[in-house]
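The listed protein sequences correspond, in order, to chains Y and B.
When we follow UniProt numbering, the leftmost residue of the first sequence carries the number 1, and every step to the right adds one.
When we follow UniProt numbering, the leftmost residue of the second sequence carries the number 1, and every step to the right adds one.
Glycine included, every Cβ here is placed at the ideal spot set by N, Cα and C.
Protein chains: 2
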Amino acid sequence: MTQLDDLDRAIIRLLKRNARLTISELSEQLNKPESTIHFRIKKLIEKGVIDRYTILLGEEMIPKKTAIVVIQAETPIIEDFLERYVNHLMRTLSMMPNVLMVAKSGKDTVIAIVGGENEEKLDEFINENIKTLPTLKNVYVYPIDKFGKGKELVNFLTEV
Amino acid sequence: MTQLDDLDRAIIRLLKRNARLTISELSEQLNKPESTIHFRIKKLIEKGVIDRYTILLGEEMIPKKTAIVVIQAETPIIEDFLERYVNHLMRTLSMMPNVLMVAKSGKDTVIAIVGGENEEKLDEFINENIKTLPTLKNVYVYPIDKFGKGKELVNFLTEV
């Protein structure tokens, strides 16, 4: 694990908020010479602390309503098929553009973050496209009413 | 909702992968004049389709193991207190650096994405810092074994 000092952390925090800040703007805000800032960013990228630069989509591009869906697969008669069921579920969900995240937990559970234009369309999508998938035992839907932290994951995960 | 055409979408997809691409590199990859690319990006930012530029942290900076935790608050004797319980839970969780996301679902449920250096430390954190919170009825822990989509949300949400 790379050790970061206060200056590294300050640079990372500023770039997280706005990665278009120039070396000279960072230098001014952090009260350090431009050469120092330049060298630190170079090192942070070389060491893989900063992996890459990306963009975040704005509010009007992202789903207005999201839900976390916990899906439990049915245990098949031939138990070896469970892994296939789950892998198939994950692939199917991952292909849906409304589905922002798909993760596997344990042997039989798949968790997804799903988005929709509004509550009604989100429900409709879940009812018609997720709950109807074969080999499901249970589907628990947790509509998100408010984020306390990490709200921007929706902006980050939305595709165009 | 802003209508995007194929060129807008292509620009957004390339910038999502690498927001440091220059106008001239985008122009070359998309086989369009630099002036067109420049104008489109300007418009996408003006219209709020692109909200901002940010950085993603690399693998070595992020928690190796994550879990989704579904927390149900106890219904208090005085029912009006439930909202306070839940808000307090959300605030407490949001302050923990290991907690990457916190969201409220319905009246009594809080969902969090939690990270740890490894499985053991993650379990320890959940047992010692989440399960011990007062006013909880149930805590369901779903350790994430594999992402099918949206894996980078961990890189995006990790703080330094």
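Taking all protein chains shown into account, decide if residue i is buried (16 or more other Cβ within 10 angstroms of its Cβ) or exposed.
i, result
"Phe156(Y)", "buried"
"Phe125(Y)", "buried"
"Asp8(B)", "buried"
"Pro63(B)", "buried"
"Pro97(B)", "exposed"
"Gly48(Y)", "exposed"
"Pro33(Y)", "exposed"
"Arg40(B)", "buried"
"Asp108(Y)", "buried"
"Thr2(Y)", "exposed"
"Lys16(B)", "buried"
"Lys149(B)", "buried"
"Thr66(B)", "buried"
"Thr54(B)", "buried"
"Ile78(Y)", "exposed"
"Glu152(Y)", "buried"
My guess is that residue i and residue j are in contact by the Cβ rule of under 8 Å, so how many angstroms apart are they, rounded?
i, j, result
"Leu89(B)", "Ile68(B)", "So it is not a contact: roughly 16 Å between Cβ atoms."
"Leu122(B)", "Val110(B)", "Going by Cβ atoms, the distance from Leu122(B) to Val110(B) rounds to 18 Å, so no, they are not a contact pair."
"Val160(B)", "Leu4(Y)", "6 Å"
"Ile11(Y)", "Leu44(Y)", "7 Å"
"Pro143(B)", "Ser105(Y)", "6 Å"
"Ile37(Y)", "Ile23(Y)", "5 Å"
"Phe147(B)", "Ala103(Y)", "5 Å"
Should residue i be flagged as near chain Y, meaning a C-beta pair shorter than 8 Å?
i, result
"Leu153(B)", "yes"
"Val70(B)", "yes"
"Thr22(B)", "no"
"Tyr85(B)", "no"
"Arg52(B)", "yes"
"Thr75(B)", "no"
"Leu122(B)", "no"
"Leu157(B)", "yes"
"Glu126(B)", "It should be pointed out that residue 126(B) corresponds to Ile in this sequence rather than to Glu. Chain Y, which has no Cβ nearer than 8 Å to the Cβ of Ile126(B), makes this no."
"Ile111(B)", "yes"
"Ile78(B)", "no"
Does the beta carbon of residue i come closer than 8 Å to any beta carbon on chain B?
i, result
"Leu15(Y)", "yes"
"Gly58(Y)", "yes"
"Gly115(Y)", "no"
"Leu7(Y)", "no"
"Ile12(Y)", "yes"
Looking at the structure shown, is residue i part of a helix, part of a strand, or coil, going by DSSP?
i, result
"Ile41(Y)", "helix"
"Ile78(B)", "coil"
"Met101(B)", "strand"
"Asp145(Y)", "coil"
"Lys32(B)", "coil"
"Arg52(B)", "strand"
"Leu57(Y)", "strand"
"Ile62(Y)", "coil"
Taking Cβ positions only, does residue i come closer than 8 Å to chain A?
i, result
"Leu4(Y)", "Judged by its chain identifiers, the structure shown contains no chain A, and its protein chains are Y and B."
* **Cβ-based contacts, 7 Å cut-off: residues of the segment 131-155 of chain Y near chain B** => Sequence-ordered contacts of the segment 131-155 of chain Y with chain B read Tyr142, Pro143, Ile144, Asp145, Lys146, Phe147, Gly148, Lys149, Gly150, Leu153 and Asn155 [C-beta pairs closer than 7 Å].
* Going along the segment 89-108 of chain Y in order, which residues come within less than 8 Å of chain B, judged by CB to CB distance? -> Cβ proximity to chain B below 8 Å picks out Met90, Arg91, Leu93, Ser94, Val99, Leu100, Met101, Val102, Ala103, Lys104, Ser105 and Gly106 from the segment 89-108 of chain Y.
* Determine which residues of the segment 18-46 of chain B have a Cβ less than 7 Å from any Cβ of chain Y, and write them out in chain order. => Among the residues of the segment 18-46 of chain B, those with a Cβ less than 7 Å away from any Cβ of chain Y are Asn18, Ala19 and Arg20, in the order of the chain.
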